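Counting with the UniProt record's numbering, you get residues 1 to 352 for the letters of the sequence shown.
Cβ coordinates follow ideal geometry from the N, Cα and C atoms, glycine included.
Since this is a predicted model, take the numbers as computed values, not measurements.
See structure below.
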Amino acid sequence: MFNFFKRNKKNQQEQQVTEESIVVEKPILEKEDELIKKEESIKEEERIKEEKSFFQKLKEGLAKTRDNITSKIDNIIFKGRKIDEELLEELEEILILADVGFATTTKIIEGIKQKAKERKLIESDDIKELLAEEIYEIMEKDEAPLEITSPTIILVVGVNGVGKTTTIGKMAGRFKRQGMKVLLIAADTFRAAAIEQLEVWASRVGCDIIRHDEGSDPASVVFDGIQAAKTRKSDIIICDTAGRLHNKKNLMDELKKIYRVIQREYPSAKLETFLVLDATTGQNAVQQARVFKDATDVSGLVLTKLDGTAKGGIVISIKSELNIPVRFIGVGEGIDDLQVFKSEDYIKALFE
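Have a look at this one:
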């Protein structure tokens with residue numbers, strides 16, 4: 001009996017201590033919860049602010065294209081004017097001059113006609129909304145977000161002068177800011193300047209680079225780069241390639257050799273092939289995309305210099321004619337001016 005009361009007293013003391021601990025811990029836990037919620041709220045505010053900043057940059061970058069399309073449309077629509085053949089011909093001319101392309105423009109005009117008829121829309125004021133809908137339908141077709149998993153190899157192709165090496169540097173910076181370990185491979189061995197430029201970007205971004213001397217076999221550089229990436233456990237491997245288009249056979253042979261090395265040496269890595277195009281070249285960019293698509297398995301596009309052209313309609317033309325997703329767009333000179341492409345944001349930036 002004595003033992004029972006003694007044990008019971010001990011239990012009461014333990015319970016008292018536990019209750020006191022709970023009383024002490026409760027406000028601490030509540031404070032921690034408040035801090036966590038506050039931190040999450042700050043992060044969400046920063047994310048929204050960053051998105052607004054990106055959208056503002058996109059809007060500013062597309063200013064010339066917006067003036068070339070929507071501002072001109074504003075000049076042909078006015079109160080009392082009806083949707084007729086004359087209006088649609090004027091709209092067609094505006095789109096072609098913005099480098100939307102003849103085939104894509106024809107498709108858009110036919111779609112507008114059909115929608116206007118189905119909805120019994122006759123006022124010219126409705127043209128902008130109908131146009132935005134048509135463009136969105138083209139851009140969002142088969143659209144899926146870019147999923148980067150570790151490890152991923154991004155093979156970057158394109159002709160000289162489109163901003164390929166700069167794009168690689170900016171991509172590396174973006175992935176690095178996201179906490180990924182990035183390795184660059186300088187497989188454009190035909191130009192010493194390309195190797196040196198990539199080295200400058202690697203130093204600026206703070207990532208590893210694998211390079212050989214000018215004139216080396218590109219596939220052997222890729223081989224060494226892959227071995228280094230596996231040893232260093234790199235998340236993203238971005239590979240520069242020679243920008244030659246005049247000899248399609250050589251281009252194909254070289255890239256096929258690089259593909260074979262990647263597939264043999266790192267079969268578990270996800271492989272993306274990004275084609276970099278200069279938006280200021282207009283319909284020439286469409287032709288380049290067509291040639292590279294025939295020669296390589298292009299999985300995404302990067303459009304540079306969109307801020308320097310009034311012909312941003314090229315984005316619509318390429319997507320409509322070749323159905324290759326646009327992954328990134330360049331809207332400025334800054335390291336953070338390479339943005340992930342989103343159809344909805346692009347259309348909003350054009351029409352708002």
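When only Cα atoms are considered, A279 and N75 end up about 25 Å apart. Scanning L146, E147, A194 and A144 for the CA closest to the CA of I168 turns up A194.
DSSP, reduced to helix, strand and coil, places G330 within a strand of the structure shown.
Using a Cβ distance threshold of 8 Å, D125 and A116 do not count as a contacting pair.
Linking V221 to K257 through their CA atoms gives a straight-line distance of about 12 Å. As the crow flies, the alpha-carbon of Q287 is around 10 Å from that of E321. When Cβ pairs closer than 8 Å are counted between the two stretches, the region 171-186 is seen to touch the region 233-240, the count reaching three or more.
The Cβ atoms of G158 and V315 lie no closer than 8 Å to each other. Residue range Q283 to A295 is occupied by the alpha helix (DSSP H) that includes V286. Secondary structure of K120 (DSSP, three-state): coil. Look at I226 here: in three-state DSSP terms it is helix. Counting every other CB atom within 10 Å of its CB across the protein chains shown gives N68 a total of 16 or more, marking it as buried. For G61, the CB contacts under 7 Å within the same chain, skipping 5 residues up- and downstream, are L306, D307, V331 and G332 in chain order.
For K270, DSSP records a beta bridge to T152. For A98, the secondary structure class from DSSP, reduced to helix, strand or coil, is coil.
In summary, Q56 is exposed, with fewer than 16 beta-carbon neighbours lying within 10 Å of its beta-carbon over all protein chains present. Here T309 is near K64, since their CB atoms are less than 8 Å apart.
Of the candidates G243, E352 and P145, G243 places its Cα closest to the Cα of G161. Beta-bridge partners assigned by DSSP to Q339: I329. Per DSSP, the unbroken beta strand (DSSP E) holding D208 starts and ends at D208 to I210. When Cβ pairs closer than 8 Å are counted between the two stretches, the region 130-138 is seen to touch the region 100-116, the count reaching three or more. In the DSSP annotation of this structure, D74 is not part of any beta strand (DSSP E); the continuous alpha helix (DSSP H) holding it starts and ends at K72 to I76.
Taking the CA atoms as reference points, I138 sits about 43 Å from E214. Of all alpha-carbon atoms in K59, F54, E93 and G312, the one lying nearest the alpha-carbon of I73 is that of E93. Look at T241 here: in three-state DSSP terms it is coil, with no helix or strand label.
The three-state reading of DSSP puts V276 in strand, counting E and B together. When secondary structure is reduced to three states using DSSP, T309 falls in the coil class, being assigned neither helix nor strand. Note that the C-beta distance between A349 and K59 is below 8 Å. Spatial neighbours of G282 in its own chain (CB-CB distance under 7 Å, excluding positions within 5 residues in sequence) are listed in chain order as D99, K311 and I314.
Cβ atoms of L271 and I153 come within 8 Å of each other, at about 5 Å. The shortest CA-to-CA distance from Q263 to any of R66, I226, T241 and L251 is the one to I226. For I135, the secondary structure class from DSSP, reduced to helix, strand or coil, is helix.
With fewer than 16 other Cβ atoms inside 10 Å of its own Cβ, E86 counts as exposed.
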